[in-house]
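Position one of the sequence shown corresponds to residue 153 (the working numbering), numbered consecutively onward. Single-structure report; data block below.
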Amino acid sequence: ESEFKVCKDGLERVQLIKKLFHWIPVPDYYFQRFEKSNDISFKLREKANLAYKNGNFNLALRGYNLAVMFASTDGEELGLAYGNRSALFVQMKNPYSALRDIDLALSCSYAEHLKKKLLDRKKKCNSFILQEKRESLKTQERKQRGKNYCNENFLRLKTHNPSISNAEEFVSIEYTKERGRRLVVNRQVSPGKRFEEKT
Numbered sequence: 153e154s155e156f157k158v159c160k161d162g163l164e165r166v167q168l169i170k171k172l173f174h175w176i177p178v179p180d181y182y183f184q185r186f187e188k189s190n191d192i193s194f195k196l197r198e199k200a201n202l203a204y205k206n207g208n209f210n211l212a213l214r215g216y217n218l219a220v221m222f223a224s225t226d227g228e229e230l231g232l233a234y235g236n237r238s239a240l241f242v243q244m245k246n247p248y249s250a251l252r253d254i255d256l257a258l259s260c261s262y263a264e265h266l267k268k269k270l271l272d273r274k275k276k277c278n279s280f281i282l283q284e285k286r287e288s289l290k291t292q293e294r295k296q297r298g299k300n301y302c303n304e305n306f307l308r309l310k311t312h313n314p315s316i317s318n319a320e321e322f323v324s325i326e327y328t329k330e331r332g333r334r335l336v337v338n339r340q341v342s343p344g345k346r347f348e349e350k351t
């Protein structure tokens, strides 16, 4: 304790503490648990398929992610994991991730008899994205029409004031010592009437 107190800085304290510890090498079997294994990938993918069928998409996604992680890069198992995960992304209405996984699955050694399924899924994703873009464009056009209508019918000044820009003619500027300079309405107007336009 007294040695610790006389240390000049943090580095000296670390050096002092370091003497109390010794390095223990991590055994190889610890790292072997995380090596690539198509058998482990297959089992994880099967569990993910079961979760997918039961509608537990979060668990399925976790299983497919682990299956991708454990699959060897040169085997068919990696392509199958990507393909299954792409189907999950379609169900989760995430077509961009699904397309990415479809392309990754096709770039792997993917089973020929299953490629048609992937290509059909790719078409479905592309049509979904196209439909989404059309709906977004329609929504933007509808909002713009509403904004234009409001600007033309409600937010425009009816009669411009000749001496005050962007104000109705029934508004004037008044000055008093108590209140200073201010805009005042100089005649009777109906409630809700706009008297100033912001540009």
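Note that CB positions come from ideal geometry on N, CA and C, so glycine has one too.
*Can you tell me whether DSSP reads T225 as helix, strand or coil?*
Counting from 1 along the sequence shown, the entry for residue 225 is found at position 73. Annotated three-state conformation of T225 is coil, per DSSP.
*Can you have a look at G298 and say buried or exposed, based on whether 16 or more other CB atoms are within 10 angstroms of its CB?*
Position 146 of the sequence shown, counted from the first residue, corresponds to residue 298. Exposed is the label assigned to G298, since fewer than 16 other Cβ atoms lie within 10 Å of its Cβ.
*Can we say the segment 256-270 touches the segment 229-237, given the rule of at least three CB pairs closer than 8 angstroms?*
Judged by pairs of C-beta atoms under 8 angstroms, the segment 256-270 touches the segment 229-237, as three or more such pairs exist.
_According to DSSP, simplified to helix, strand and coil, what is T291?_
Mapped onto the sequence shown, residue 291 falls at position 139. Three-state DSSP puts T291 in a helix.
*Is Y262 helix, strand or coil when you go by DSSP?*
Your numbering for residue 262 matches position 110 in the sequence shown. The three-state reading of DSSP puts Y262 in coil, since its state is none of H, G, I, E or B.
*Mind checking S193: buried by the 16 CB within 10 Å criterion, or exposed?*
The residue given as residue 193 occupies position 41 in the sequence shown. It is buried - the Cβ of S193 has at least 16 other Cβ atoms within 10 Å.
*Is it right to say V158 is buried, meaning 16 or more other beta carbons lie within 10 angstroms of its own, or is it exposed?*
In the sequence shown, the residue the question calls residue 158 occupies position 6. Residue burial is scored here from C-beta neighbours: V158 has fewer than 16 other C-beta atoms within 10 angstroms and is therefore classed as exposed.
*By how many angstroms is the C-alpha of D180 removed from the C-alpha of L256?*
If you number the sequence shown from 1, residue 256 lands on position 104. If you number the sequence shown from 1, residue 180 lands on position 28. Going from the Cα of L256 to the Cα of D180 covers about 32 angstroms.
_Assuming contact is defined by CB atoms lying nearer than 7 angstroms, are N365 and G227 in contact in what I supplied?_
With the chain running from 153 to 351 in the structure shown, residue 365 is simply not present.
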